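Report on the structure given below.
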Amino acid sequence: MDTVVNDFVQVLRNHQLRVSPAESIDALRALEHTGLRERGVVKDTLRATLIKNQEDAGTFDRLFDLYFSMRPAVQKPSARLKLAHDHDHGPPPARLELGEEAGGEAPEDEGHSHDTDESTEMRRFFEEDRMRPANDIHGESERMRLSMFSQELVLNRKPGALESALQRLTYHMRLRRSRNMFNPGGLVPDAGGEELPLDVSAVDLQDFVDHLHELEVDEALIAELEAQSENILRGLPDLIKQMQEREKLLEKDAKDDAAFRRRALRKMLRFSAAEQREMEASIRRIARNIQGAKTRRLKRDRIGRISVPHTLRQNVRYDGVPFEPVLRRRRENKPRVTLLCDVSLSTRNLARFWLHLVYQMQSLFSKVRTFVFVADVAEVTQVFEEHDMNRAVEEIFSGRILDADVNSDFGKAAERFKNEHLPTINHRTTIVILGDGRNNGKPPNVEALEEITRHARRTVWITPEPRWGWSLGSCDMPLYKPLCDRVEVVRDVDGLAHVAEELVRSRA
Amino acid sequence: MFQSIEEVGEKLGEQSYVSDRRLATVVFLATRLGKPVLVEGPAGVGKTELAKSLAGALELDLIRLQCYEGLDEAKALYEWEYSKQLLYTQVLREKIGETLAPAESLREAAEVLRGQEDVFFSENFLVERPILQAIQADEPTVLLIDEIDRADEEFEAFLLEFLSDYQVSIPEIGTVRAARPPVVILTSNRTRELSEALKRRCLHLQIGYPSSEVELEIVRLKAPGISGALSEELVETIQDLRTLDLRKAPSIGETLDWAQSLVVLNAPKLSKDLIESTISVIAKYDRDAQRMLDHLGVNARERKDLGQMEPTGEKPEEAMYEMHRSVHKHVH
Numbered sequence: 001m002d003t004v005v006n007d008f009v010q011v012l013r014n015h016q017l018r019v020s021p022a023e024s025i026d027a028l029r030a031l032e033h034t035g036l037r038e039r040g041v042v043k044d045t046l047r048a049t050l051i052k053n054q055e056d057a058g059t060f061d062r063l064f065d066l067y068f069s070m071r072p073a074v075q076k077p078s079a080r081l082k083l084a085h086d087h088d089h090g091p092p093p094a095r096l097e098l099g100e101e102a103g104g105e106a107p108e109d110e111g112h113s114h115d116t117d118e119s120t121e122m123r124r125f126f127e128e129d130r131m132r133p134a135n136d137i138h139g140e141s142e143r144m145r146l147s148m149f150s151q152e153l154v155l156n157r158k159p160g161a162l163e164s165a166l167q168r169l170t171y172h173m174r175l176r177r178s179r180n181m182f183n184p185g186g187l188v189p190d191a192g193g194e195e196l197p198l199d200v201s202a203v204d205l206q207d208f209v210d211h212l213h214e215l216e217v218d219e220a221l222i223a224e225l226e227a228q229s230e231n232i233l234r235g236l237p238d239l240i241k242q243m244q245e246r247e248k249l250l251e252k253d254a255k256d257d258a259a260f261r262r263r264a265l266r267k268m269l270r271f272s273a274a275e276q277r278e279m280e281a282s283i284r285r286i287a288r289n290i291q292g293a294k295t296r297r298l299k300r301d302r303i304g305r306i307s308v309p310h311t312l313r314q315n316v317r318y319d320g321v322p323f324e325p326v327l328r329r330r331r332e333n334k335p336r337v338t339l340l341c342d343v344s345l346s347t348r349n350l351a352r353f354w355l356h357l358v359y360q361m362q363s364l365f366s367k368v369r370t371f372v373f374v375a376d377v378a379e380v381t382q383v384f385e386e387h388d389m390n391r392a393v394e395e396i397f398s399g400r401i402l403d404a405d406v407n408s409d410f411g412k413a414a415e416r417f418k419n420e421h422l423p424t425i426n427h428r429t430t431i432v433i434l435g436d437g438r439n440n441g442k443p444p445n446v447e448a449l450e451e452i453t454r455h456a457r458r459t460v461w462i463t464p465e466p467r468w469g470w471s472l473g474s475c476d477m478p479l480y481k482p483l484c485d486r487v488e489v490v491r492d493v494d495g496l497a498h499v500a501e502e503l504v505r506s507r508a
Numbered sequence: 001m002f003q004s005i006e007e008v009g010e011k012l013g014e015q016s017y018v019s020d021r022r023l024a025t026v027v028f029l030a031t032r033l034g035k036p037v038l039v040e041g042p043a044g045v046g047k048t049e050l051a052k053s054l055a056g057a058l059e060l061d062l063i064r065l066q067c068y069e070g071l072d073e074a075k076a077l078y079e080w081e082y083s084k085q086l087l088y089t090q091v092l093r094e095k096i097g098e099t100l101a102p103a104e105s106l107r108e109a110a111e112v113l114r115g116q117e118d119v120f121f122s123e124n125f126l127v128e129r130p131i132l133q134a135i136q137a138d139e140p141t142v143l144l145i146d147e148i149d150r151a152d153e154e155f156e157a158f159l160l161e162f163l164s165d166y167q168v169s170i171p172e173i174g175t176v177r178a179a180r181p182p183v184v185i186l187t188s189n190r191t192r193e194l195s196e197a198l199k200r201r202c203l204h205l206q207i208g209y210p211s212s213e214v215e216l217e218i219v220r221l222k223a224p225g226i227s228g229a230l231s232e233e234l235v236e237t238i239q240d241l242r243t244l245d246l247r248k249a250p251s252i253g254e255t256l257d258w259a260q261s262l263v264v265l266n267a268p269k270l271s272k273d274l275i276e277s278t279i280s281v282i283a284k285y286d287r288d289a290q291r292m293l294d295h296l297g298v299n300a301r302e303r304k305d306l307g308q309m310e311p312t313g314e315k316p317e318e319a320m321y322e323m324h325r326s327v328h329k330h331v332h
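Going line by line, the protein sequences match chains A and B. Numbering (my numbering) for the first sequence: 1 to 508. Numbering (my numbering) for the second sequence: 1 to 332.
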């Protein structure tokens with residue numbers, strides 16, 4: 001039994017779920033009490049002992065169902081136990097995306113087992129009545145096929161080598177993907193969760209297959225992979241078509257008139273409740289890290305220095321015997337945040353995310369002042385306070401506050417900010433700059449930013465553009481970076497959560 | 001203690017707490033393994049209620065510790081009772097003098113006094129706070145640590161010793177260990193993420209919104225005055241409203257509040273008028289209320305206009321409104 005639970009825990013860990021040894025011991029102890037008779041109970045038990053984050057519950061459910069496979073039996077009971085042994089599939093691999101992205105038909109292949117005897121014994125408990133018929137195994141989704149495929153890799157006892165081959169392939173894919181420069185932020189709402197289409201060239205795949213040949217693995221496996229690569233190639237025209245459609249869409253986007261843009265923006269700004277909550281939680285985390293300076297006044301506290309006058313006053317009732325010392329210390333001020341937000345064309349795609357972030361921050365912190373800039377700077381704190389999210393954004397892009405349609409010029413904006421709004425910043429203020437640092441060839445004016453950061457307590461720059469993109473085009477991020485205390489690359493809500501996480505960690 | 005998972009469900013049911021299989025499994029394991037349970041879920045789904053019902057089912061005392069920002073061990077664990085200590089020193093002043101009389105030097109007197117120290121730092125002078133109460137109780141208890149996410153992170157860390165070994169260390173006295181470990185239930189609304197260390201020590205239970213059958217059962221149990229048809233209509237409406245994108249979706253607590261207000265109002269069925277006038281029971285934000293009304297087809301503004309004009313009966317809304325009015329008249 002322990003083998004199976006440990007094996008299952010390993011699978012969970014492979015999927016980035018954090019399970020400690022103490023927890024797997026708990027799971028074993030718990031199973032002793034509940035027994036293994038009922039599948040549902042076992043599942044609940046494992047979930048209660050192993051999974052402590054709600055977010056992980058979905059992954060757990062999926063993995064549990066995969067691991068303890070569970071199609072209702074169609075075949076006769078006598079055949080089941082044997083089947084359980086013969087057609088059991090191993091733990092699904094971490095690299096599941098590959099199969100999905102490839103979208104191809106995996107080759108038919110049957111019957112592999114690397115189970116030890118104990119684990120098979122354990123699985124019998126789960127599978128006696130539920131073992132899927134062998135033929136059905138390919139009726140499952142791509143993920144299933146891939147798990148077959150990955151098991152082969154394990155079987156061939158070349159996990160390291162093959163892993164590297166796979167990594168190479170995915171690396172190529174990623175590289176291709178990230179070369180897509182139509183969309184700096186990657187946050188067009190219509191794209192939603194879906195990634196940019198893959199662009200895998202035939203050469204890459206051939207490379208990969210060649211590489212496999214060098215590894216002296218099973219010929220059958222290579223044949224399979226080749227078959228899969230065929231499928232990837234077959235899927236290519238579709239991908240290219242998708243790509244072209246996207247391009248067309250984006251072109252239209254660039255030419256659109258103001259009304260159209262406003263409409264699109266309104267569409268962008270619809271956040272689901274879950275996203276909103278996640279965002280709020282992330283910002284709260286960041287808030288805890290953005291600290292103001294210490295207050296001048298001392299306040300009573302649990303820790304700190306003994307204050308003689310207060311202690312005397314407090315202990316008059318004990319005959320002046322200082323039974324209850326009064327401690328005081330300087331408390332930390334609430335953070336003061338000044339947000340500088342780029343609303344130029346190059347970051348337009350990010351508006352949904354950007355301005356939402358700003359809106360959230362303003363509602364969560366007590367002292368936030370918000371400025372937007374393109375080539376000019378304007379304060380919009382009031383706008384955000386008076387209107388709701390959508391109205392406020394519409395107002396900003398309407399051109400009444402500042403000309404939002406010129407090329408962004410951070411240098412000039414910083415100069416204007418320095419001249420007009422510098423007094424709003426003091427040693428308690430944290431400046432958060434949201435922007436991509438693209439100056440379109442205009443002078444970067446590092447001095448102005450330096451002047452601003454010198455007055456502030458801390459400067460955090462949040463950019464949507466990954467670091468490798470800084471060297472491309474007219475991006476002045478490398479110049480601005482040394483002036484900031486932190487530069488974070490944030491592309492979506494998840495990314496923001498990640499940054500918050502890191503800030504918390506670096507503080508601890 | 002419970003013998004089986006089924007028994008947990010039954011016993012909780014006797015306390016009019018409707019549980020599902022998962023909840024029963026986790027509670028069963030908690031009593032068997034002696035591990036604390038961390039219950040997470042949105043507000044008002046019965047997290048706190050679980051602890052109360054569990055105490056009732058096990059016939060144990062419930063000790064409750066409500067967490068809040070700034071909660072410290074003096075409020076959660078123990079506190080020295082300074083005034084009592086002082087009183088004792090005053091009253092025993094003579095006796096102390098006597099005890100110290102034979103001592104010749106100051107050093108010797110201090111030595112003697114040190115020998116008597118435990119008189120003044122004994123459990124006698126401790127004010128027990130919930131956690132210490134739970135540890136020192138003669139019978140096992142159910143300890144509810146409510147809304148742990150409201151307490152500071154330091155407090156969370158402070159709880160770790162107690163949660164893993166059911167013991168606390170008091171510097172002046174030593175380690176106090178629970179003779180009969182309490183059943184500990186922690187609840188959290190997830191206003192912040194709890195530390196990994198805390199989660200690791202607990203069994204985790206996620207309570208979400210119930211299915212309509214379960215909710216119906218809860219409504220029947222907790223709001224007995226309500227008629228069958230009305231409760232069904234009510235639960236259906238609530239379940240429907242939960243699918244909306246709301247800031248605070250109505251939870252079981254709100255369902256019950258609503259059911260009870262309908263009972264008080266002696267309403268025969270959910271009419272639009274009724275929904276409009278009682279929407280504030282289930283909606284905690286203005287925007288939510290508006291959204292709910294829109295979704296249910298009750299539009300306050302339009303209705304006002306209708307009231308001023310003579311209804312023509314041409315628009316469908318008007319027809320419906322008229323229909324409801326006639327239904328109303330009919331009923332009264």
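By construction, the Cβ of each residue, glycine as well, lies at the ideal position given by its N, Cα and C atoms. Here the structure is a predicted model, which means the values were calculated and not measured.
Stretch pair the region 4–19 of chain A + the region 44–53 of chain A: three plus CB contacts closer than 8 Å: yes
Would you give the residue range spanned by the beta strand (DSSP E) that LYS367 (chain A) belongs to? On the first sequence, residue 367 (chain A) is found 367 positions in, with the first residue counted as 1. Per DSSP, LYS367 (chain A) belongs to the beta strand (DSSP E) from 367–373.
With H, G and I counted as helix, E and B as strand and the rest as coil, what does DSSP make of GLY366 (chain B)? No statement about residue 366 (chain B) is possible, as the shown extent of chain B runs from 1 to 332 and does not include it.
So is ARG177 (chain B) buried or exposed if we call it buried at 16+ other beta carbons inside 10 Å? In the second sequence, the residue the question calls residue 177 (chain B) occupies position 177. Exposed is the call here.
Beta-carbon neighbours of GLU94 (chain B), restricted to chain A and to distances below 7 Å: On the second sequence, position 94 is the one that residue 94 (chain B) refers to. Those within 7 Å of GLU94 (chain B) in chain A number zero; the least Cβ separation is about 17 Å.
Please report the straight-line C-alpha distance between SER164 (chain B) and PRO182 (chain B), rounded to a whole angstrom. Mapped onto the second sequence, residue 164 (chain B) falls at position 164. Mapped onto the second sequence, residue 182 (chain B) falls at position 182. CA-to-CA, the gap between SER164 (chain B) and PRO182 (chain B) works out to about 12 Å.
Nearest to SER408 (chain A) (by Cα), restricted to the options A:ILE433, A:ALA375, A:LYS418: Residue 408 (chain A) sits at position 408 when you count from the first residue of the first sequence. Of the candidates A:ILE433, A:ALA375, A:LYS418, the one whose C-alpha sits nearest the C-alpha of SER408 (chain A) is A:ALA375.
Residue interval of the beta strand (DSSP E) (run including SER188 (chain B)): Locating residue 188 (chain B) in the second sequence gives position 188, counting from the first residue. Run containing SER188 (chain B): 183–188, per the beta strand (DSSP E) assignment.
LEU172 (chain B) at chain A interface by Cβ criterion, 8 Å: If you number the second sequence from 1, residue 172 (chain B) lands on position 172. Checking the displayed sequence, the identity of residue 172 (chain B) turns out to be Glu instead of Leu. Chain A contact via Cβ: absent.
Can you check whether the CB of TYR318 (chain A) is closer than 8 Å to the CB of LEU86 (chain B)? Counting from 1 along the second sequence, the entry for residue 86 (chain B) is found at position 86. Counting from 1 along the first sequence, the entry for residue 318 (chain A) is found at position 318. Contact flag set, yes.
Drop a sphere of 10 angstroms on the beta-carbon of THR243 (chain B), count the other beta-carbons inside from all chains shown, and report buried for 16 or more, exposed for fewer. The residue you call residue 243 (chain B) lines up with position 243 of the second sequence. Counting Cβ neighbours within 10 Å, THR243 (chain B) comes out exposed, since fewer than 16 surround it.
DSSP three-state label for VAL343 (chain A), please. Reading the first sequence from its first residue, position 343 is the one you call residue 343 (chain A). Residue state, collapsed to three classes: coil.
Looking only at its chain, what residues have a beta carbon closer than 6 Å to the beta carbon of TYR166 (chain B), apart from the 5 residues adjacent to it on each side? Working through the second sequence from its first residue, we reach residue 166 (chain B) at position 166. The residues are ALA178, PRO181.
Note down the Cα distance separating ASP257 (chain B) from VAL9 (chain A), rounded to an integer number of angstroms. Residue 257 (chain B) sits at position 257 when you count from the first residue of the second sequence. Residue 9 (chain A) sits at position 9 when you count from the first residue of the first sequence. Roughly 43 Å between the two C-alpha positions.
Drop a sphere of 10 angstroms on the beta-carbon of TRP470 (chain A), count the other beta-carbons inside from all chains shown, and report buried for 16 or more, exposed for fewer. Position 470 of the first sequence, counted from the start, is the residue given in the question as residue 470 (chain A). Buried, because 16 or more other Cβ atoms sit within 10 Å of the Cβ of TRP470 (chain A).
Check each residue of the region 26–42 of chain A: if its Cβ is closer than 8 Å to any Cβ of chain B, include it; give the result in chain order. ASP26, ARG29, ALA30, HIS33, THR34, GLY40, VAL41
Would ARG18 (chain A) count as contacting chain B if we go by Cβ distances under 8 Å? Numbered from its first residue, the first sequence carries residue 18 (chain A) at position 18. Yes, because at least one Cβ of chain B sits closer than 8 Å to the Cβ of ARG18 (chain A).
For GLN333 (chain B) and chain A, any beta-carbon pair shorter than 8 Å? Only positions 1 to 332 of chain B appear in the structure, and residue 333 (chain B) is not among them; the question remains open.
Using the C-alpha atoms, what's the distance from PRO130 (chain B) back to GLU40 (chain B)? As a working mapping, residue 40 (chain B) is identified with position 40 in the second sequence. As a working mapping, residue 130 (chain B) is identified with position 130 in the second sequence. Rounded to whole angstroms, GLU40 (chain B) to PRO130 (chain B) spans 21 Å at the Cα level.
Using the rule of at least 16 other Cβ atoms within 10 Å of the residue's Cβ for burial, across every protein chain shown, is TRP461 (chain A) buried or exposed? Along the first sequence, one-based indexing puts residue 461 (chain A) at 461. TRP461 (chain A) comes out buried.
PHE323 (chain A) at chain B interface by Cβ criterion, 8 Å: What you label residue 323 (chain A) is simply residue 323 of the first sequence in a count that begins at 1. It does; some Cβ of chain B falls within 8 Å.
Taking HIS427 (chain A) as the reference, which of A:SER24, A:ARG457, A:VAL372, A:ASP403 has the closest Cα? If you number the first sequence from 1, residue 427 (chain A) lands on position 427. It is A:ARG457.
Based on the DSSP secondary-structure assignment, which residues constitute the bridge partners of VAL127 (chain B)? Taking the first residue of the second sequence as position 1, residue 127 (chain B) is located at position 127. Among the bridge pairs identified by DSSP, VAL127 (chain B) is matched with B:GLU79.
For ARG377 (chain A), report the span of its beta strand (DSSP E) as first-last. For the purposes of this step, residue 377 (chain A) is taken as the residue at position 377 of the first sequence. It should be noted that the sequence gives Val, not Arg, for residue 377 (chain A). 377–379 is the span of the beta strand (DSSP E), which, as asked, contains VAL377 (chain A).
Along the region 43–73 of chain B, where does the CB come closer than 8 Å to a CB of chain A? Name the residues. Taking 8 Å as the Cβ-Cβ cut-off against chain A, the residues of the region 43–73 of chain B that qualify are ASP72.
I need the straight-line Cα distance from GLU379 (chain A) to VAL446 (chain A), nearest angstrom please. Along the first sequence, one-based indexing puts residue 379 (chain A) at 379. Along the first sequence, one-based indexing puts residue 446 (chain A) at 446. Looking at the two C-alpha atoms, the distance is approximately 22 Å.
Exposed unless 16 or more other CB atoms sit within 10 angstroms - verdict on LYS412 (chain A): Residue 412 (chain A) sits at position 412 when you count from the first residue of the first sequence. By the neighbour-count rule (16 or more Cβ atoms within 10 Å), LYS412 (chain A) is buried.
Between which two residues does the beta strand (DSSP E) holding GLU488 (chain A) run? Within the first sequence, numbered from 1, the residue matching residue 488 (chain A) stands at position 488. Following the DSSP letters along the chain, one finds GLU488 (chain A) inside the beta strand (DSSP E) bounded by residues 486–489.
Just to confirm before moving on: does the CB-CB distance between SER188 (chain B) and LEU23 (chain B) stay below 8 Å? Counted from its first residue, the second sequence places residue 188 (chain B) at position 188. Counted from its first residue, the second sequence places residue 23 (chain B) at position 23. Contact: no.
List the DSSP bridge partners of TRP461 (chain A). Numbered from its first residue, the first sequence carries residue 461 (chain A) at position 461. DSSP lists A:ILE433, A:VAL487 as partners of TRP461 (chain A).
Cβ pair count under 8 Å reaching 3, the region 47–60 of chain B against the region 13–21 of chain B: yes
Step through the CB atoms of chain A and report whether any lies within less than 8 Å of the CB of VAL131 (chain B). For this step, residue 131 (chain B) is matched to residue 131 along the second sequence. One detail in the question is off: residue 131 (chain B) reads as Ile in this sequence, not Val. It does not; no Cβ of chain A falls within 8 Å.
Buried or exposed: ASP305 (chain B), going by 16 or more other Cβ atoms within 10 Å of its Cβ? The residue labelled residue 305 (chain B) in the question sits at position 305 within the second sequence. Summary for ASP305 (chain B): the model assigns pLDDT 42, below 50, so the residue's position carries little reliability; its value from the coordinates is reported in the next sentence. Burial call: exposed.
Between the region 93–108 of chain B and the region 146–153 of chain B, do at least 3 Cβ pairs fall closer than 8 Å? no
For VAL383 (chain A), count neighbouring Cβ atoms within 10 angstroms of its own Cβ and tell me buried if that reaches 16, exposed if not. As a first step, residue 383 (chain A) must be located in the first sequence, where it is residue number 383. VAL383 (chain A) comes out buried.
What does the Cβ neighbour count give for VAL372 (chain A), buried or exposed, with the cut at 16 atoms within 10 Å? On the first sequence, position 372 is the one that residue 372 (chain A) refers to. That one is buried.
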